[in-house]
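Right, one structure below, let's go through it.
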Amino acid sequence: ERDRVLKEIDNIVNTSFVKGSKSTLSGGIQRDVMEPTKEQAEFIKKIEKVANIKLKTQKRGGVSDANIVASAGVPTLDGFGPYGDGDHTIHERALKKSFEDRIELSTKVFEAISNGEF
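Okay, here's the thing in structure tokens:
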């Protein structure tokens, strides 16, 4: 995924959208792409077992601090916070019910970790 995104960025930078103009890009990669790993899949299975639920995974194409932790080789999951709709728009919102759901899930996971189940 990382290579695809970098190639697309290069294509955009190297394309003149305004006659006579050119673009340059600086700054480099600050957060690498979080790719699925075997350890992550095992972590998901453990969470599903202790929480007695089926987790749905999806590629979101976004970025968060989870990318930093994952790039250090730590099995990492993102998206345990409240959910809602309108991502990255002025209409973005979290659903009230999602706070309760996520607190319950996080509590089960933390209890399992403290009981040595992970």
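Using our numbering, you'd call the opening residue of the sequence shown number 36 and step up by one each time. Ideal placement from N, C-alpha and C gives every residue a C-beta, glycine not left out.
Cβ-Cβ distance between residue i and residue j below 8 Å
i: Ala-76; j: Lys-143; result: no
i: Pro-117; j: Phe-134; result: yes
i: Leu-60; j: Val-68; result: no
i: Arg-66; j: Val-109; result: no
i: Phe-115; j: Ser-141; result: yes
Where the alpha helix (DSSP H) through residue i begins and ends
i: Ala-147; result: 131–149
i: Ala-107; result: Note, Ala-107: premise wrong, no alpha helix (DSSP H); not H, not E.
i: Asn-87; result: Note, Asn-87: premise wrong, no alpha helix (DSSP H); not H, not E.
i: Lys-94; result: Careful: Lys-94 lies outside any alpha helix (DSSP H) and carries neither H nor E.
i: Glu-152; result: Note, Glu-152: premise wrong, no alpha helix (DSSP H); not H, not E.
One or two residues paired with residue i in a DSSP bridge
i: Arg-128; result: Asp-120
DSSP state of residue i mapped onto helix, strand, coil
i: Arg-39; result: helix
i: Glu-77; result: helix
i: Val-48; result: helix
i: Ile-64; result: coil
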